[in-house]
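Colleague: Residue numbers (this note's numbering): 277 to 500.
Can you keep this structure in mind? I'll have questions shortly.
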Amino acid sequence: MSRAALLVLADGRFPAGGHAHSGGAEAAVKAGRVTGAASLEDFCRGRLHTAGRVSASLAAAAVLGVDPVELDAAADARTPSPALRVAARKLGRQLMRAARATWPAEELDALARQFPKGAHQPVVLGLAARAAGLGALDAAHCAAYESVSGPASATVRLLSLDPFDATRALARLAPELDRVADQAVEAARRAVDEGVDALPAGSAPLLEISAEVHAAWAVRLFAS
């Protein structure tokens, strides 16, 4: 495992397109569900244990060699909102560009050919981690952390929230993030033998509904 590669992949400056997405935070702020550090922490906790755990398991499974085409279909099935599916593929396409430039690999090239409009971001993340010499737990940690760091960063801009308060909220979630990553790897290992149905399918209906509402806004700061 290359710790330097892990730092590069998890770095917010890695040009994977995440800065343009709020992970549902923009809609939550407008609806009054996120108003400060405490409600941001609650929002991120809910996202971590639903969408975050699903993404982490998909990424870990990709590292372990589960067919990425099957994983992409599994991601589609676990994302009821068309708006979120579009966002996931846009993020996957941008991450693919960055990953192929950083860690050239035939597996990444093949996935790019199969999904010219972009595969789901967690699947690309897993193959990028594999190309970088990282393990399933590394990929799971990256995916789980992305599921909460994006909304936290967006909320700082949306509410002019003190960045120290947002960072403290993420730090308090660290033990739960570790547990989610461990659970994701366990599920991914089962998927190697049992197929993608062994992966978690935790849902967050309010996130899905809010994504559809957000996509219809005439003016918005973030793409999702």
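No residue lacks a Cβ here, since even glycine has one placed at the ideal position from N, Cα and C.
How long is the line joining the alpha carbons of Arg376 and Leu283, rounded to whole angstroms?
Modeller: Near 17 Å, if we compare the C-alpha coordinates of Leu283 and Arg376.
Colleague: Which whole runs of the alpha helix (DSSP H) in the region 347 to 387 are 4 residues long or more, in chain order?
Modeller: You should have 358 to 378.
Colleague: Under 8 Å: do the region 424 to 442 and the region 405 to 412 share three or more Cβ pairs, one atom per stretch?
Modeller: Cβ pair count under 8 Å is below three, so no.
Colleague: Cα separation between Ala460 and Trp379?
Modeller: C-alpha separation (whole angstroms): 24 Å.
Colleague: Have a look at Arg329, Phe440 and Pro392 and flag the residue whose alpha-carbon is nearest the alpha-carbon of Ala314.
Modeller: Measuring from the Cα of Ala314, the nearest candidate turns out to be Phe440.
Colleague: Quick check on this structure: which residue in Ala349, Ala404 and Arg354 has the alpha carbon closest to the alpha carbon of Ala374?
Modeller: Ranking Ala349, Ala404 and Arg354 by Cα distance to Ala374 puts Ala404 first.
Colleague: Which residue from Ala364, Asp469 and Leu384 puts its Cα closest to that of Ser423?
Modeller: Comparing Cα-Cα distances from Ser423 to each of Ala364, Asp469 and Leu384, the minimum goes to Ala364.
Colleague: Find out if the Cβ-Cβ distance for the pair Ala415, Val330 is shorter than 7 Å.
Modeller: No; because the gap between Cβ atoms is not below 7 Å, this pair is not in contact.
Colleague: Return the CA-CA distance between Ala359 and Asp458, expressed in angstroms with no decimal places.
Modeller: About 29 Å.
Colleague: If you reduce the DSSP assignment to three classes, tell me which class Ser429 lands in.
Modeller: Note: Ser429 maps to helix in three-state DSSP.
Colleague: When the Cα atoms are used, what is the spatial distance from Met476 to Leu434?
Modeller: It should be noted that the sequence gives Pro, not Met, for residue 476. Each residue's alpha carbon lies about 31 Å from the other.
Colleague: As an exercise, report each continuous alpha helix (DSSP H) stretch of at least 4 residues that is fully enclosed by the region 398 to 456, in chain order.
Modeller: Entirely contained in the region 398 to 456, the alpha helix (DSSP H) runs reaching 4 residues are, in chain order, 412 to 435.
Colleague: Would you decide whether Val489 is buried or exposed? Buried here means 16 or more other CB atoms lie within 10 Å of its CB.
Modeller: The residue is exposed, with fewer than 16 neighbouring Cβ atoms inside 10 Å.
Colleague: Helix, strand or coil: which one does DSSP assign to Val495?
Modeller: Three-state DSSP puts Val495 in coil, outside helix and strand.
Colleague: What's the call for Pro481, buried or exposed, on a 16-neighbour Cβ count within 10 Å?
Modeller: By the 10 Å Cβ count, Pro481 comes out exposed.
Colleague: Looking at Leu371 and Ala420, is the spacing between their C-beta atoms short of 7 Å?
Modeller: Cβ atoms of Ala420 and Leu371: not closer than 7 Å.
Colleague: Can you list, in chain order, the residues of its chain with a C-beta nearer than 6 Å to that of Ala304? Leave out the 5 residues immediately preceding and following it.
Modeller: Closer than 6 Å at the Cβ level, and outside the excluded window around Ala304, lie Val310 and Phe319.
Colleague: Could you check the C-alpha separation between Leu437 and His325 for me, to the nearest Å?
Modeller: Each residue's alpha carbon lies about 24 Å from the other.
Colleague: Buried or exposed, going by whether 16 or more other CB atoms sit within 10 Å of the CB of Arg389?
Modeller: Per the 10 Å Cβ criterion, exposed.
Colleague: Go through its chain and collect everything with a Cβ distance to Phe391's Cβ below 6 Å, but skip five positions before and after it.
Modeller: Result list for Phe391: empty, nothing under 6 Å.
Colleague: Using the three-state DSSP reduction, which class does Gly293 fall into: helix, strand or coil?
Modeller: Here Gly293 sits in coil by DSSP.
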